[in-house]
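Asker:
2 protein chains.
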Amino acid sequence: MTVVGDDDTASTASPGDSLFDRLRRGDAAAVARALSAIETGGPQADVVRGRLQSLDGAARVVGFSGPPGVGKSTLVNAYIDELRSQARSVAVLAVDPSSPVTGGAVLGDRTRMGNHTSDPGVFIRSVASRGHLGGLALSIPSMLDVLDAAGFDDIVLEAVGAGQSEVEISHFADTTVILSAPGLGDDVQAIKAGILEVADVLVVNKADLPGADETRRHLEAMLELRDTVTSPPVLPVVALHGNGIGAMTQAIDQNHAAQDASCGPQRRASEALRQAAIAELTRRIAADPELDRLGAAIHRGDINLADAVGALINRAASPDERNQP
Amino acid sequence: MTVVGDDDTASTASPGDSLFDRLRRGDAAAVARALSAIETGGPQADVVRGRLQSLDGAARVVGFSGPPGVGKSTLVNAYIDELRSQARSVAVLAVDPSSPVTGGAVLGDRTRMGNHTSDPGVFIRSVASRGHLGGLALSIPSMLDVLDAAGFDDIVLEAVGAGQSEVEISHFADTTVILSAPGLGDDVQAIKAGILEVADVLVVNKADLPGADETRRHLEAMLELRDTVTSPPVLPVVALHGNGIGAMTQAIDQNHAAQDASCGPQRRASEALRQAAIAELTRRIAADPELDRLGAAIHRGDINLADAVGALINRAASPDERNQP
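If you're matching them up, the sequences are chains A and B in order. Using this note's numbering, the letters of the first sequence map in sequence onto residues 8 to 332. Using this note's numbering, the letters of the second sequence map in sequence onto residues 8 to 332.
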C-alpha cells in the first residue's frame, strides 16, 4: 500500500491531482483523505468534487437498515465475507445520524472491521451527521462518488444507531435491504410502514430463534399493504453463522442487475439536489414571518388555505424580495 | 344529552346553524357529526370550518407520544381520571397514522373509553390517516377547533401505533408529553433524538419495574444534548395504579400556563399552513422532470449545487409556467 506523503498539498498548481491519481488506484490512505476533505468541506472538498465530475459509475451501492439489536453489524460483516469469497472489493460507509460529533476517523472503525483489518480489499469508514441530516444528505453522494472512483466493486451504506434517516439513505442506494429479527419487542415498532415501501430485499436475521416465523409472516402481511405489483423477497438469515448470506447476496445482485450502474453518480446528484432543495424550502418557510400572519388570516376567514399555501410558496421562492417595499 | 334529529340537514337556508349551536353546547352527537364532516371533507366540512373562523380558543391541547408497549392508553386513561376528579371536561383525539382505513367512528373507541363510557364529560374519537400524513395535518387543526368550540377544558392528542408522526403531532399541541418505559428493548430505539427536542414533559411509565432508573438516567443524558437552556422534567409514573399522575398533570398545567390559550386556533392554522406548503413543495419537486436534468448538469460540472437548488425552487414556485415555451 502506498504511503501518503505531503506532495499533493505542497503543489500549488493543482493540489488535488496527486491525491486523485492515488485515489483512482484504490490507495486506502488517499481514499480516507478524500473522504475527510468532503466531510470537512472547504477548498479541498471542491477540488475533490471537481475531479469526480462526469465520473462513470461502476460500483453497486447497497443500503442496510434496521432497528438496533437486529444484528446489522454482524450481517454486514458476513456480507463482506461473502463478497470477498467472490473476490469482490467492498467499501463500507457507516452513517450514524444520531451521533452528534465526529472528527473524521471514528475509533469504532477499527473494532468494526473485525477480521477484515488486514484485507486491502475492504475499506470501512464511519460518518456522523453533526445533528443535521441536511448536511449528511449533501456529503453522502460525494463520498459514494469517491468510493466509486476508487474502484470498489461494491459499496455498503449502513445506517447505524437509532436512525430516523433510513428512508433518506435508501434514496442513495441501488438496492435497499431492510432487516428485522425476532425478539426485538413490538414488531410494529421494529419495522415502520414507510420503510417497507423502500425495501428491495427483506431479511429476517436470527432466523434460528423462536418467533422467526412470526416475524416473517408479519413482514409479509405488511408487504401486502404496498401499492406495488411485485413484493420483495423475505429471506431468513443467521448472520452469526453465515447461514442464508449466499441467498441474500444473490437477491441483492438480482436487484442490482435491473439497474444501470453507470448512472449511479448522476442519480446520487439528483437525490442530493432534491433533498437540499426541500431542506432549504423547509427552512425558509419556518423562518418566514408571514407564516403566522397568513395563519391568522386563515383563522379570520380572510384567505383560504390553498391561496395561503400559494402565497407562502411564492415567498419561499423569492426570499430576497421579502424586505423590499 | 340532546338527541340529534335531522332538522339541521333538512334546513336549506343555513344548514350548519343548528348543528353548530348544538356543538357549542357540547352536544356529543353534534361534536361527532362535525368531526365526521371535517374528516369526510366536502361542502359540510366547509360549513363547519366557516363557523369555526375567528374562534377564541380556551381548550388546552396536550399531545402524548411514545413507542408501542409504553402503556400510553393506560396513562391517558389515568390522566382522564385525574382531570375528571378536578371537574375538567376532556376530549381525546387518537391519531393513528399507520392505520390505512377508517370510516369515521372506529370500533376501538368504545373499548378504549373504559370506565369513561357513561361520563358526558369525556369524549373520545379515533382518526386514521388513510396513508398520507399530509391529509391528517390538514384535518387535525380543524378537528381540534371543533373540540375547542364544543367547550372542552382539555384536549388530548394521542399518537397511536407505530407513528412516524410524533414530531408533526407535537406542533399542534400546547404541551407535548413523551413517554418511555423500562423493558422496551433498546432504549435508543424507544425514544428518538428528534422527538426529545419537542418534549415539554417526559414520563417514565412502569416506574415500579426494574430498569426504570436506568431509563430515566438515559433520558436525562439525552436531554443534555439539547440546545435549550431549560430541560423538561423527567417524571416517574405507574399509570396502572395512578401513581405520579397528579405530578404529571401539574407539570402539564405549568407548561400550559406559559402560553395563551386564546391563540390556540390561530397557532394551529399556521401549523397546518406550514405543513401543507412543505408537502406541496415536496410533491412538486419530486414530480419535476428538471430535477434529473439538473442532477445530470451537477454531475457534469455545468452547474453548482447552490445554483441548481435555486433553479429548482423557482420552478417549484411557478409550476404553471413549466409548460410554457
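Ideal placement from N, C-alpha and C gives every residue a C-beta, glycine not left out.
1) What residues in the region 287-300 of chain B have a beta carbon less than 8 Å from any beta carbon of chain A?
2) Going along chain A in order, which residues have a C-beta closer than 9 Å to the C-beta of L273 (chain B)?
3) Since L100 (chain B) sits in a beta bridge, which residues does DSSP pair it with?
4) Taking V129 (chain B) as the reference, give the member of B:T256, B:V236, B:S92 and B:L191 with the closest Cα.
5) So if I threshold CB-CB distances at 8 Å, which residues from the region 315-326 of chain A count as touching chain B?
6) Tell me which residues of the region 206-222 of chain B have at least one Cβ-Cβ distance to chain A shorter than 7 Å, keeping chain order.
7) Would DSSP call R6 (chain A) helix, strand or coil?
8) Spell out whether any CB of chain B is found under 7 Å from the CB atom of A264 (chain A).
9) Per DSSP, N250 (chain B) is paired with what?
10) To be precise: take each residue of the region 49-63 of chain A, compare its Cβ to all Cβ atoms of chain C, and keep it if any distance is under 8 Å. Which residues remain?
11) Does the count of Cβ pairs from the region 298-309 of chain A and the region 259-276 of chain B closer than 8 Å reach three?
12) In whole angstroms, what separates the C-alpha of V153 (chain B) from that of G253 (chain A)?
13) Would S177 (chain A) count as contacting chain B if we go by Cβ distances under 7 Å?
14) Per DSSP, T182 (chain A) forms a beta bridge with which residues?
15) Which residues bound the alpha helix (DSSP H) around L312 (chain B)?
16) For a cutoff of 7 Å on Cβ pairs, would you count R32 (chain A) as touching chain B?
17) So, for Q51 (chain A): in the same chain, excluding its five sequence neighbours on each side, which residues have a beta-carbon less than 6 Å away from its beta-carbon?
18) For L280 (chain B) and chain A, any beta-carbon pair shorter than 7 Å?
19) Since S187 (chain A) sits in a beta bridge, which residues does DSSP pair it with?
20) In the structure shown, what three-state DSSP assignment does E227 (chain B) receive?
21) Put E204 (chain A) into one of helix, strand or coil per three-state DSSP.
22) Please say whether V245 (chain A) and D215 (chain A) have beta carbons closer to each other than 7 Å?
23) Looking at G70 (chain B) and N212 (chain B), is the spacing between their C-beta atoms short of 7 Å?
24) Should D34 (chain B) and R95 (chain B) be called a contact, given that it needs their Cβ atoms to be closer than 7 Å?
25) Identify which residue in B:V208, B:H123, B:D53 and B:R290 has its Cα closest to the Cα of Q261 (chain B).
26) Rounded to a whole number of angstroms, what is the C-alpha to C-alpha distance between G308 (chain B) and G57 (chain A)?
27) Which same chain residues end up closer than 6 Å to I147 (chain A) when comparing Cβ atoms and leaving out the 5 residues on each side of it in sequence?
28) If you draw a straight line from the C-alpha of A279 (chain A) to the C-alpha of L145 (chain A), how long is it?
29) In angstroms with no decimal places, state the Cα-to-Cα distance between T118 (chain B) and H248 (chain B).
30) Can you name the start and end residues of the alpha helix (DSSP H) that Q93 (chain B) belongs to?
31) Got a sec, what are the start and stop residues for the alpha helix (DSSP H) Q51 (chain B) sits in?
32) Assuming R281 (chain B) and A323 (chain A) are in contact, meaning their beta carbons sit under 8 Å apart, how far apart are those beta carbons, in whole angstroms?
33) Just checking my contact of R224 (chain B) with L203 (chain B) at CB under 8 Å: how many whole Å lie between their CB atoms?
34) Chain A beta carbons: is any one of them nearer than 7 Å to that of A65 (chain B)?
35) Measuring only the C-alpha atoms, how far is A165 (chain B) from G49 (chain A)?
36) Work out the CA separation of E287 (chain A) and S187 (chain A) for me, nearest whole Å.
Answerer: On the basis of the coordinates in this document:
1) E287, L288, T289, I292, A293, L298 and D299
2) Taking the second sequence and counting its residues from 1, one reaches residue 273 (chain B) at position 266. The sequence given here places Gln at residue 273 (chain B); Leu does not occur at that position. In chain order: D299, G302, A303, I305, H306 and R307.
3) For the purposes of this step, residue 100 (chain B) is taken as the residue at position 93 of the second sequence. In DSSP, L100 (chain B) forms a bridge with B:R132 and B:L164.
4) Counted from its first residue, the second sequence places residue 129 (chain B) at position 122. Ranked by Cα distance from V129 (chain B), the first of B:T256, B:V236, B:S92 and B:L191 is B:S92.
5) A315, V316, L319, I320, N321, A323, A324 and S325
6) Going along the region 206-222 of chain B in chain order, one finds no residue with a Cβ nearer than 7 Å to chain A.
7) Because chain A spans 8 through 332 in this model, residue 6 (chain A) falls outside it and cannot be assessed.
8) If you number the first sequence from 1, residue 264 (chain A) lands on position 257. Output row for A264 (chain A): interface = no.
9) The residue you call residue 250 (chain B) lines up with position 243 of the second sequence. B:V245.
10) The structure shown has no chain C; the protein chains it does contain are A and B.
11) When Cβ pairs closer than 8 Å are counted between the two stretches, the region 298-309 of chain A is seen to touch the region 259-276 of chain B, the count reaching three or more.
12) Numbered from 1 along the second sequence, position 146 holds the residue referred to as residue 153 (chain B). Numbered from 1 along the first sequence, position 246 holds the residue referred to as residue 253 (chain A). Cα to Cα, the separation comes out at about 57 Å.
13) Here the question's residue 177 (chain A) lines up with position 170 in the first sequence. For S177 (chain A), the answer is no, since every Cβ of chain B falls outside 7 Å of its Cβ.
14) Indexing the first sequence from 1 puts residue 182 (chain A) at position 175. According to DSSP, which records beta bridges pairwise, T182 (chain A) is partnered with A:V69.
15) Stepping through the second sequence from its first residue, residue 312 (chain B) is reached at position 305. Element bounds for L312 (chain B): L312 to A324.
16) In the first sequence, residue 32 (chain A) corresponds to position 25, counting from 1. By this cut-off, R32 (chain A) is not an interface position.
17) Residue mapping note: residue 51 (chain A) aligns to position 44 of the first sequence, counting from 1. Cβ within range, chain order: A44.
18) Here residue 280 (chain B) refers to the residue found at position 273 of the second sequence. Answer yes: the Cβ-Cβ gap between L280 (chain B) and chain A drops below 7 Å somewhere.
19) The residue labelled residue 187 (chain A) in the question sits at position 180 within the first sequence. According to DSSP, S187 (chain A) bridges with A:V211.
20) Numbered from 1 along the second sequence, position 220 holds the residue referred to as residue 227 (chain B). If DSSP states are grouped into helix, strand and coil, E227 (chain B) belongs with the helices.
21) Taking the first residue of the first sequence as position 1, residue 204 (chain A) is located at position 197. Three-state result, E204 (chain A): coil.
22) Counted from its first residue, the first sequence places residue 215 (chain A) at position 208. Counted from its first residue, the first sequence places residue 245 (chain A) at position 238. Yes; because the gap between Cβ atoms is below 7 Å, this pair is in contact.
23) Taking the second sequence and counting its residues from 1, one reaches residue 212 (chain B) at position 205. Taking the second sequence and counting its residues from 1, one reaches residue 70 (chain B) at position 63. No.
24) Taking the second sequence and counting its residues from 1, one reaches residue 34 (chain B) at position 27. Taking the second sequence and counting its residues from 1, one reaches residue 95 (chain B) at position 88. Result no, Cβ atoms of D34 (chain B) and R95 (chain B) do not sit closer than 7 Å.
25) Against the second sequence, residue 261 (chain B) aligns to sequence position 254. The shortest C-alpha separation from Q261 (chain B) is found at B:V208.
26) Start at 1 with the first residue of the second sequence, and residue 308 (chain B) comes out as number 301. Start at 1 with the first residue of the first sequence, and residue 57 (chain A) comes out as number 50. Roughly 7 Å between the two C-alpha positions.
27) Taking the first sequence and counting its residues from 1, one reaches residue 147 (chain A) at position 140. Answer for I147 (chain A): F179, listed in chain order.
28) What you label residue 279 (chain A) is simply residue 272 of the first sequence in a count that begins at 1. What you label residue 145 (chain A) is simply residue 138 of the first sequence in a count that begins at 1. Rounded to whole angstroms, A279 (chain A) to L145 (chain A) spans 5 Å at the Cα level.
29) Looking up residue 118 (chain B) in the second sequence gives position 111. Looking up residue 248 (chain B) in the second sequence gives position 241. For T118 (chain B), the predicted structure reports a pLDDT of 48, less than 50, and the residue's modelled location is therefore unreliable. A value from the coordinates is still provided. The alpha-carbon of T118 (chain B) is positioned some 19 Å away from that of H248 (chain B).
30) Here residue 93 (chain B) is taken as the residue at index 86 of the second sequence, counted from 1. Segment: none, Q93 (chain B) is in no alpha helix (DSSP H) and carries neither H nor E.
31) In the second sequence, the residue the question calls residue 51 (chain B) occupies position 44. Note, Q51 (chain B): alpha helix (DSSP H), P50 to L59.
32) Position 274 of the second sequence, counted from the first residue, corresponds to residue 281 (chain B). Position 316 of the first sequence, counted from the first residue, corresponds to residue 323 (chain A). Not really, about 11 Å apart at Cβ, beyond 8 Å.
33) In the second sequence, residue 224 (chain B) corresponds to position 217, counting from 1. In the second sequence, residue 203 (chain B) corresponds to position 196, counting from 1. About 14 Å separates the two Cβ atoms, so there is no contact after all.
34) For this step, residue 65 (chain B) is matched to residue 58 along the second sequence. Answer no: the Cβ-Cβ gap between A65 (chain B) and chain A never drops below 7 Å.
35) Here residue 165 (chain B) is taken as the residue at index 158 of the second sequence, counted from 1. Here residue 49 (chain A) is taken as the residue at index 42 of the first sequence, counted from 1. A quick correction: the sequence has Glu, not Ala, at residue 165 (chain B). The straight-line gap from Cα to Cα measures roughly 45 Å.
36) Within the first sequence, the letter at position 180 stands for residue 187 (chain A). Within the first sequence, the letter at position 280 stands for residue 287 (chain A). Between S187 (chain A) and E287 (chain A), the C-alpha separation is close to 34 Å.
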